[in-house]
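In what follows, a single structure is set out as structure tokens and then discussed.
Numbering (this note's numbering), first residue to last: 1 to 122.
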């Protein structure tokens, strides 16, 4: 899956589109989702141009991967989400309904999130 330099997150990273920033460092920009699915819904976006988790895990330098993971944990702690809990989701590819072809994590919290995936019908 090729990276599109004009995806919405690339435009946000270039300050062409505003965002409600939650956190930023050298590797990451995190901001509130404009169509939140839960009371807390934050998008955690690496600053590098990676189209998916596969691309990020395969091609990002070790320091960027570590910085991204540490930032996601810090954001959850800073927002007070560790207790009672939160969910992290990364969609990759069409079957997962990835909508923006720039790797990102969704951080969901603020209510009982229920089962992640329903068991198959018998």
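Glycine residues also receive a C-beta, built at the ideal position from the N, C-alpha and C atoms.
From what residue to what residue does the beta strand (DSSP E) around residue i run?
| i | result |
| --- | --- |
| residue 108 | 105 to 109 |
What residue does the alpha helix (DSSP H) around residue i start on, and which one ends it?
| i | result |
| --- | --- |
| residue 122 | Premise fails: residue 122 is in no alpha helix (DSSP H) and is neither H nor E. |
| residue 89 | Run containing residue 89: none in the alpha helix (DSSP H); it sits in the beta strand (DSSP E), 86 to 89. |
| residue 17 | Where residue 17 is concerned, there is no enclosing alpha helix (DSSP H), given that its DSSP letter is neither H nor E. |
| residue 8 | 8 to 13 |
Measure the alpha-carbon distance for residue i versus residue j and round it to whole angstroms.
| i | j | result |
| --- | --- | --- |
| residue 3 | residue 88 | 22 Å |
| residue 92 | residue 38 | 20 Å |
| residue 59 | residue 101 | 15 Å |
| residue 70 | residue 35 | 25 Å |
| residue 11 | residue 53 | 19 Å |
| residue 95 | residue 118 | 16 Å |
| residue 27 | residue 51 | 15 Å |
Tell me, which residues are paired with residue i by DSSP?
| i | result |
| --- | --- |
| residue 24 | 29 |
Please identify the residue among the options whose C-alpha is closest to the C-alpha of residue i.
| i | options | result |
| --- | --- | --- |
| residue 85 | 110, 66, 17 and 64 | 110 |
| residue 33 | 49, 9 and 119 | 9 |
| residue 113 | 5, 81, 122 and 63 | 81 |
### Query
Which parts of the stretch 28 to 82 are runs of the beta strand (DSSP E), unbroken and 3 residues or longer, counting only runs that do not cross its ends?
28 to 32 and 40 to 46
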